[in-house]
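**Q**
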Amino acid sequence: MNIQNMILTLQQYWSEQNCILLQAYDVEKGAGTMSPMTLLRSLGPEPWNVAYVEPSRRPDDGRYGENPNRLYQHHQFQVIMKPSPDNIQDLYLDSLKKLGIDPLKHDIRFVEDNWENPTLGAAGLGWEVWLDGMEITQFTYFQQIGGLEANPVAVELTYGIERLASYIQDKENVFELEWNNGVTVHDIFYQPELEHSKYTFEESNTEMLFELFTMYEEEAKTTMEKGLVFPAYDYVLKCSHTFNLLDAKGVISVTERTGYISRIRNLARRIAKAYVAERERLGYPMLKKEEK
Amino acid sequence: MAKNVLFEVGLEELPARFVDDAEKQLLEKTITWLNETRISFEDVTTFSTPRRLSVLIRGMADVQETIEEEAKGPAEKIAIDENGNWTKAAIGFTKGQGMSVEDIYTKEIKGTRYIFVKKRIEGKKSSELLPGFKEIIESIQFGKNMRWSTETMRYARPIRWLLALYDKEVVPFEIASVSTSNKTYGHRFLGNEVIINDPLEYRAALRNEYVIVDSKEREQMILEQIKDLEEKENLLIPVDEDLLDEVRNLVEFPTVFIGSFEKKFLKLPSEVLITSMKEHQRYFPAMSTNEELLPKFVGVRNGDNKSIENVAKGNEKVLRARLSDAEFFYEEDQKNSIDFYLEKLQRVVFQEKLGTYADKVSRVVTITNHLCKMLDVEEKVAKNAIRAAEISKFDLMTNMVNEFTELQGIIGEKYAILFGENQDVAKTIREHYLPKQANGDLPDSIPGSIVSIADKVDTIVGCISIGLVPTGSQDPYGLRRQATGILRILSDKKWSISLESILNIVKSVYANTDIQLQDNATITKALNEFFQLRTTFLLKEDDIETDIIHSVTAKEIGVFDYTEKKAALLSQKRNEPAFKPIQEALVRVLNLAGKTDEMKINSTLFETESEKILYSTFQEIVPDYEKANKELDADLSLSILSKLAEPIHNFFDNTMVMANDEKIKNNRLALLNTIAASIKEFADLSLIEWKQHQ
Chain A
0 MNIQNMILTL QQYWSEQNCI LLQAYDVEKG AGTMSPMTLL RSLGPEPWNV AYVEPSRRPD
60 DGRYGENPNR LYQHHQFQVI MKPSPDNIQD LYLDSLKKLG IDPLKHDIRF VEDNWENPTL
120 GAAGLGWEVW LDGMEITQFT YFQQIGGLEA NPVAVELTYG IERLASYIQD KENVFELEWN
180 NGVTVHDIFY QPELEHSKYT FEESNTEMLF ELFTMYEEEA KTTMEKGLVF PAYDYVLKCS
240 HTFNLLDAKG VISVTERTGY ISRIRNLARR IAKAYVAERE RLGYPMLKKE EK
Chain B
0 MAKNVLFEVG LEELPARFVD DAEKQLLEKT ITWLNETRIS FEDVTTFSTP RRLSVLIRGM
60 ADVQETIEEE AKGPAEKIAI DENGNWTKAA IGFTKGQGMS VEDIYTKEIK GTRYIFVKKR
120 IEGKKSSELL PGFKEIIESI QFGKNMRWST ETMRYARPIR WLLALYDKEV VPFEIASVST
180 SNKTYGHRFL GNEVIINDPL EYRAALRNEY VIVDSKEREQ MILEQIKDLE EKENLLIPVD
240 EDLLDEVRNL VEFPTVFIGS FEKKFLKLPS EVLITSMKEH QRYFPAMSTN EELLPKFVGV
300 RNGDNKSIEN VAKGNEKVLR ARLSDAEFFY EEDQKNSIDF YLEKLQRVVF QEKLGTYADK
360 VSRVVTITNH LCKMLDVEEK VAKNAIRAAE ISKFDLMTNM VNEFTELQGI IGEKYAILFG
420 ENQDVAKTIR EHYLPKQANG DLPDSIPGSI VSIADKVDTI VGCISIGLVP TGSQDPYGLR
480 RQATGILRIL SDKKWSISLE SILNIVKSVY ANTDIQLQDN ATITKALNEF FQLRTTFLLK
540 EDDIETDIIH SVTAKEIGVF DYTEKKAALL SQKRNEPAFK PIQEALVRVL NLAGKTDEMK
600 INSTLFETES EKILYSTFQE IVPDYEKANK ELDADLSLSI LSKLAEPIHN FFDNTMVMAN
660 DEKIKNNRLA LLNTIAASIK EFADLSLIEW KQHQ
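Just so you know, the sequences run in chain order A and B.
For the first sequence, counting from 1, position 20 maps to 19 in numbering that gives the first Met the number 0; every step adds exactly one.
For the second sequence, counting from 1, position 174 maps to 173 in numbering that gives the first Met the number 0; every step adds exactly one.
This is the structure we're talking about:
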């Protein structure tokens, strides 16, 4: 099965489980969790079931398109269900069957893994799902987001698309994976991988990036003070990506690093609080909808 | 009639590390509950898998034990009126106990007669009490708990079913919106839902559904299959206990398989291969019959052997990817030099206030240099130690250690050799992390021991100097473990440098930096208290009692090897009748000393024969005594001190210390002070609780 069909299959399956199919969020981010559709919407009492593909940028993992396993940008298939359904493990395993993975022919395990993202004040408990020893999915029950208790608890499934595909297509090199018939990951992503690596490690304008970080941070603060949660959060994401670019270039010392992370975390926390307050003020519209 | 009872908690996969302990708690809590609830039973067995915790109580009585309880009422004179009738008080008492006045009897307690009734408490039916077992299930403690869905309960993982049977009946209760039933579930992929009609069928019923509920049985299955493989493939598979414990709790039905990887990966450091297999993938590495690592591994699947070659193939692919990564790191790392990595250390913070790793390394080099001088080691050894200290942390900046953090030091040793350092320097890089646990292996080489002490003492003095003293369970920098390590190395190497002299050097090293330190008195006090506790901890492990520990560390912790020897010797002497007169003499001196500060002895002021003899004997022994102390010979030191016993007794019998003449009195006190100071060089014997029996 090529990647395109994998994505279509997962979308079809999770839409049948009443998930809202969304598109990738249009601000750079390091993980699907950082999309406001996960990070903010997982907070508060309103039900929220959603699935989307998220291109995730990790500048530090850039390898000029030479490493068979690491990418500047990979893809995650993200599912969020709040409250977590009682049969979520079965739902997940059924999704693997849809991808053609027969559990009787493999060894599928749930191996303890507690997830934490200090930058976003988020933490959860769950597993890495192993398929014959390979981690294919992060399975997490959110316990805390933006420093706030998650209640009710949302469950997050993050499928590593390229990982899973390398298994399904039996390929050793990520660039050999088929995206659709005849078109490979190499065809689509090799040039951007190479160029982004070159940009990140060699060519990026450090001074400008530092300046942008400060500007984005300021804008996030002022926007938040005006009660505009979503625009403020966009600027937090921009801060985070700018920080990642600087960090990958090695221009942030470790001391400064902690400082930057805590600046982003503080913003994320305040926005999480503001989001919850705003939903409450609006009378939790999604909750009312469900009651109807 | 006795019946059998079964409870099973069905869970989403528990972390393997919680399973054994949870099962143990379930067993203990069940027995306690049965005893406290006064329900008799034949035996209790528990089971566990990653998806279930269960307990089988066999031969449980169907009623609670009936008991008689004696209830004490008022005194007889209050219970009976002048006409010999029961008073209101007596009637009220019996009513309150649910009895009547006919049941009253009297007994005398401490000269007063009281009225009593014997209450019979009928046992309740077990079926009524069993729903209370819910609390046992809820009370199991896990290392980390979570919430799920809309539930308020916190548990290791979500509860998905509850099986609760009293013989054939379901015991009704509910936990986290899950109600009990007579159903359980087999293996996730190979098994089905099963109805259990009789608790005794539980094990067999689940076995049919590919679940081996007894964790020891799963372990046996794994071991047997490994043994078969060893024979069939003619290889050795050393079984690591911890890994076995983990693996048996990752599966409900174990099937062992063998996989292989490309020979070319064998050129990687073996620790990298073993860590990838064991720690990351939970495989058992395979060895040839002459104990050489083979490009093979053994894994355990959660399931049967259907398509097992497919599972092996998948696992091979994963390991190959990991090893390719490692190979890439190995090659990349070698493209740079040690200096390249050292330069990088300048940008990594060791501790916010204590500076970067480069700062730390430079202090460790200075301390190493001092230690080499104090220990008067050969020039070549000192050179190796200092070079090793300079590059002790370079490997932290390599890709390999970044990926395999647990291999810090080990990779340092391998790479140092590749980069052309000598064997001793390379080995020191590895050894300076030892001991890794409080009672772990110690460094073997002299440079390894020196740099290990230097690195640890730098961390300890640094952290304590900025107020980071470990409290309770909080010891983020592992200072306690490191302090224990220092003392153990000093003792193991029998080095005659005192702990205090090392600490003083490190304090002065810090004083020469621009790090903001607490004031000197605070630091010294905190360091003393911290090391005193560590010394006590270590000596107690050797069964040394507290009073002896206090006596040998009263002045200072000193040369630790000598301190240990003195403690062991005194522990023995305190019980020896022959030592009693000696001990009494020496303690007598210690008790009188300190009445003045006077230390100046004027021999012309001596009047009595006994004081003259005491003084001359003391003068005679001093050179030998000092020599023995210096040579750390506890036996000899104490036996030399013992020579003072007779002259001391003689002195006290024949000389008035508190003479009327101030000068003479002070001179005698000065003599005692001087001798006392010498005794205290050995130990403050007055702090010991002597136990010699006559």
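Quick reminder that beta carbons are idealized off the backbone N, C-alpha and C, glycines included.
Predicted, not measured: the structure shown is a model, and the values here were computed from it.
Here's the rule: buried if 16 or more other CB atoms are within 10 angstroms of the residue's CB, otherwise exposed. What is GLY97 (chain B)?
**A** When all chains shown are included, GLY97 (chain B) counts as exposed.
**Q** Does the distance from the C-beta atom of ILE114 (chain B) to that of ALA89 (chain B) stay below 8 Å?
**A** yes
**Q** How about ILE752 (chain B) and ASN666 (chain B): are their beta carbons less than 8 Å apart?
**A** What the structure shows of chain B is the stretch from 0 to 693, and residue 752 (chain B) is not part of that stretch, so it cannot be assessed.
**Q** Looking only at DSSP bridge pairs, what is MET133 (chain A) linked to?
**A** A:LEU130
**Q** In chain order, what residues of the stretch 314-340 of chain B put their CB closer than 8 Å to some CB of chain A?
**A** ASN314, LYS316, VAL317, LEU318, ARG319, ALA320, SER323, ASP324, PHE327
**Q** Could you please give the first and the last residue of the uninterrupted alpha helix (DSSP H) stretch that includes GLU15 (chain A)?
**A** 2-15
**Q** Name the residue from B:ILE103, B:TYR165, B:THR111, B:ARG146 whose alpha carbon lies nearest to the alpha carbon of GLY131 (chain B).
**A** B:TYR165
**Q** In chain B, what lies closer than 8 Å to HIS105 (chain A) by C-beta?
**A** By Cβ distance, chain B contributes SER306, ASN309, VAL310, GLY313.
**Q** Should the stretch 150-163 of chain B be called in touch with the stretch 9-21 of chain B, which here means at least 3 C-beta pairs below 8 Å?
**A** yes
**Q** Let me check one thing: in DSSP terms, what residues is HIS186 (chain B) bridge-paired to?
**A** According to DSSP, HIS186 (chain B) bridges with nothing at all.
**Q** Could you pull the start and end residues of the alpha helix (DSSP H) that ASN383 (chain B) belongs to?
**A** 378-389
**Q** Report the three-state DSSP secondary structure of GLU291 (chain B) (helix, strand or coil).
**A** coil
**Q** Any Cβ of chain A within less than 8 Å of the Cβ of LYS143 (chain B)?
**A** yes
**Q** Check this for me: beta carbons of GLY61 (chain A) and THR199 (chain A), under 8 Å apart or not?
**A** yes
**Q** Starting from TRP32 (chain B), follow the alpha helix (DSSP H) in both directions and report where the run begins and ends.
**A** 15-35
**Q** What residues in the stretch 147-158 of chain B have a beta carbon less than 9 Å from any beta carbon of chain A?
**A** TRP147, SER148, THR149, GLU150, THR151, ALA155, ARG156, PRO157
**Q** Please determine if the stretch 124-134 of chain A and the stretch 28-39 of chain B are in contact, where contact requires at least 3 C-beta pairs separated by less than 8 Å.
**A** no
**Q** How many angstroms separate the CA atom of TRP13 (chain A) from the CA atom of ILE6 (chain A)?
**A** 11 Å
**Q** Step through the CB atoms of chain B and report whether any lies within less than 8 Å of the CB of LEU130 (chain A).
**A** yes
**Q** Is it buried or exposed for ILE409 (chain B), if we count other Cβ within 10 angstroms and need 16 for buried?
**A** buried
**Q** With a CB to CB cut of under 8 Å and the five nearest residues on each side skipped, what residues in its chain are close to LYS124 (chain B)?
**A** ASP61, VAL62, GLN63
**Q** Provide the residue span of the beta strand (DSSP E) that contains SER178 (chain B), from first to last.
**A** 177-180
**Q** Just grab the DSSP bridge partners of LEU164 (chain B) for me.
**A** For LEU164 (chain B), which the question treats as bridged, DSSP gives the partners B:LEU5, B:VAL169.
**Q** Quick one: measure Cβ to Cβ for SER685 (chain B) and THR654 (chain B), integer angstroms, because I've assumed they're closer than 8 Å.
**A** Contact doesn't hold; Cβ gap of about 21 Å is too wide.
**Q** Have a look at THR545 (chain B) and VAL317 (chain B) and give me their C-alpha separation to the nearest angstrom.
**A** When rounded, the separation of the alpha-carbon atoms in THR545 (chain B) and VAL317 (chain B) is 55 Å.
**Q** So is VAL297 (chain B) buried or exposed if we call it buried at 16+ other beta carbons inside 10 Å?
**A** buried
**Q** At what residues does the alpha helix (DSSP H) containing ALA592 (chain B) begin and finish?
**A** That residue, ALA592 (chain B), is in no alpha helix (DSSP H); it is neither H nor E in DSSP.
**Q** Between SER261 (chain A) and chain B, is there a C-beta pair that is closer than 8 Å?
**A** No - not a single Cβ of chain B is within 8 Å of the one on SER261 (chain A).
**Q** Give every residue of the same chain whose Cβ lies closer than 8 Å to the Cβ of LEU5 (chain B), excluding the five residues on either side of it in the sequence, and list them in chain order.
**A** SER53, VAL54, LEU55, ILE56, LEU162, ALA163, LEU164, ILE195, PRO198, TYR201
**Q** Spell out whether any CB of chain B is found under 8 Å from the CB atom of VAL152 (chain A).
**A** yes
**Q** Exposed or buried, what is LYS295 (chain B) when buried is set at 16 or more other beta-carbons lying within 10 Å of its beta-carbon?
**A** buried
**Q** Which residues share a DSSP beta bridge with PRO253 (chain B)?
**A** DSSP, once it has assigned bridges, lists B:ASN301 as partnering PRO253 (chain B).
**Q** According to DSSP, is LEU441 (chain B) helix, strand or coil?
**A** In the structure shown, LEU441 (chain B) sits in coil (DSSP, three-state: anything other than H, G, I, E or B).
**Q** Can you tell which of B:GLU499, B:LYS305, B:LEU516 has the C-alpha that lies nearest to the C-alpha of ASN527 (chain B)?
**A** B:GLU499
**Q** For a contact defined as C-beta to C-beta under 7 Å, what are the partners of ARG108 (chain A) on chain B?
**A** Simply LEU249, ASN301.
**Q** Thinking C-alpha only, which one of B:LYS231, B:LYS524, B:GLN219 is nearest VAL238 (chain B)?
**A** For VAL238 (chain B), the nearest C-alpha among the options comes from B:GLN219.
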